[in-house]
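Numbering (my numbering), first residue to last: 16 to 93.
Read through the structure below, which is laid out as structure tokens, and then see the notes.
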């Protein structure tokens with residue numbers, strides 16, 4: 016049972032991280048006048064996947080998209 020509870024916590028953490036990162040991506044887009052497709056190319060993420068991720072509807076590996084967008088933000092913002 017403990018393993019399943021831990022997995023649930025990981026999913027919640029990934030979703031919290033996604034929420035914060037998507038807000039940062041949106042702020043960056045607005046500040047620099049970037050299109051979502053520009054961000055997707057820079058982060059190495061399919062445009063439709065990024066769109067679904069931004070909306071909180073992505074059903075795939077959220078942690079992977081989190082990692083790619085976080086790396087992209089670090090490269091952009093330092």
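The C-beta atom is built at its ideal place from N, Cα and C for all residues, glycine as well.
Put residue 75 into one of helix, strand or coil per three-state DSSP. As a first step, residue 75 is located in the chain shown; it is residue number 60 there, counting from the start. For residue 75, the three-state secondary structure derived from DSSP is coil.
Roughly how many angstroms separate the alpha carbons of residue 48 and residue 42, rounded to a whole number? Here residue 48 refers to the residue found at position 33 when the chain shown is read from its first residue. Here residue 42 refers to the residue found at position 27 when the chain shown is read from its first residue. Take the alpha-carbon of residue 48 and the one of residue 42: they are about 10 Å apart.
Through-space distance from residue 28 to residue 58, alpha-carbon basis: The residue labelled residue 58 in the question sits at position 43 within the chain shown. The residue labelled residue 28 in the question sits at position 13 within the chain shown. Note on geometry: alpha-carbon atoms of residue 58 and residue 28 lie some 21 Å from one another.
Three-way DSSP call (helix, strand, coil) for residue 45 in this model: Here residue 45 is taken as the residue at index 30 of the chain shown, counted from 1. In the structure shown, residue 45 adopts helical secondary structure according to DSSP, grouped into three states.
If we ignore side chains and look at the alpha-carbon of each, how far apart do residue 46 and residue 61 end up? As a working mapping, residue 46 is identified with position 31 in the chain shown. As a working mapping, residue 61 is identified with position 46 in the chain shown. Cα to Cα, the separation comes out at about 22 Å.
Contact check, residue 33 vs residue 81, beta carbons under 8 Å: Here residue 33 corresponds to residue number 18 of the chain shown, with the count starting at 1. Here residue 81 corresponds to residue number 66 of the chain shown, with the count starting at 1. The Cβ atoms of residue 33 and residue 81 sit closer than 8 Å to each other.
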